[in-house]
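Numbering-wise (the numbering used here), the sequence shown opens with residue 34 and increments by one. Glycine included, every Cβ here is placed at the ideal spot set by N, Cα and C. Worksheet: one structure, shown below.
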Amino acid sequence: MTVPEDVAATLDQWVQTGVIESVSQFVADTVTRRASRTESLTRWEKAIGGRPSAELIDRVRASHGLPPRIDDSAA
34 MTVPEDVAAT LDQWVQTGVI ESVSQFVADT VTRRASRTES LTRWEKAIGG RPSAELIDRV
94 RASHGLPPRI DDSAA
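What follows is the structure in structure tokens.
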């Protein structure tokens, strides 16, 4: 796996300062969490019959203090 030099330097620094145990473990944990999240979202979308509406997504975001999502289709 290749990462930009600045990312590699940050990861190496995190190992040296004890923020993470190892780069390999950090990458494995991160990929596992992302895959689990993606799988969960896919199951949820299947259960509700598809992706939630933009309005619902924005209402949930607002309830968490987040701004509305950016509508890529308007670009």
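For residue i, name the three-state secondary structure that DSSP assigns.
i, result
"A60", "The amino acid at residue 60 is misidentified as Ala; the sequence shows Val. Note: V60 maps to helix in three-state DSSP."
"I90", "helix"
"R102", "coil"
"V40", "helix"
"R67", "helix"
"R84", "coil"
Suppose contacts are defined by Cβ-Cβ distances below 7 Å. Is residue i in contact with residue j by that definition?
i, j, result
"R102", "I90", "yes"
"L44", "V56", "yes"
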